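To keep things clear, I will list the structure first and then write my remarks on it.
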Amino acid sequence: MTHSIVSKDDLVGIWKFIEVKYVDKQQNTIDSYGKNPVGYLIYTQEGYVAISIMMRDRLKLGLPVEEIQALGYGAKPKLIQNLFGYIRAIFRYVQAGNNYAAYIGKYEIIDNKVIHHIEVNIVPDAVGTVLEQTIEISGDKLVLTRSGVNIISATLQRVS
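For the sequence shown, position 46 (counting from the first letter as 1) is numbered 185 according to this note's numbering, and the numbering increases by one without interruption.
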């Protein structure tokens with residue numbers, strides 16, 4: 140049965156992404172994270188939400204993990220020795236970022252809508268923004284739909 144008014148108890152838990160659909164104003168539908176995305180959405184009793192989702196089988200950057208981590212801490216790579224490798228990794232990094240989303244914040248429920256107040260986001264411009272989504276729950280399935288010029292609909296399955 141689909142709920143029309145949702146309580147916090149309905150949402151609290153861990154949800155696994157099944158699909159994410161993007162519908163543009165011309166009614167073209169795209170699987171935002173591919174046919175079989177990998178990711179979870181977590182709602183806590185204390186009012187926090189965390190989301191992490193990515194496209195399955197993203198291209199590897201092609202650098203050792205230690206070098207990638209060192210770059211994040213300001214280490215100077217051996218650019219001349221591996222210039223092509225770093226250029227290729229930068230392009231793959233951008234592509235990997237386009238196929239990944241993550242944020243954390245607080246949430247509130249109003250009737251059949253959940254509002255996410257974004258506090259931490261992989262995209263700096265999204266920090267401080269608010270996402271309002273319609274909630275549909277049926278059994279162990281959750282559908283979150285964000286409307287506007289474009290429509291984004293995520294289907295998730297309860298894990299716990």
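Each residue gets a CB set at the ideal place from its N, CA and C atoms; glycine is no exception. Keep in mind that this is a model prediction, so the values were computed, not measured.
Along the segment 208-280, the beta strand (DSSP E) occurs as fully enclosed runs of 3 or more residues at 239-249, 252-260 and 269-277, listed in sequence order.
The alpha-carbon separation between Glu185 and Arg231 amounts to approximately 37 Å. Under the DSSP assignment, Leu180 falls in the beta strand (DSSP E) whose first and last residues are Val177 to Tyr182. Restricted to the segment 152-207, the beta strand (DSSP E) segments that are unbroken, complete and at least 3 residues in length are 152-162, 168-170, 177-182 and 187-193, listed in chain order. DSSP lists no beta-bridge partner residue for Ser286. Contact between Gln296 and Thr284 does not hold, since their C-beta atoms are separated by about 16 Å, which reaches or exceeds 8 Å.
Straight-line measurement puts the Cα of Asn289 at about 10 Å from the Cα of Thr168.
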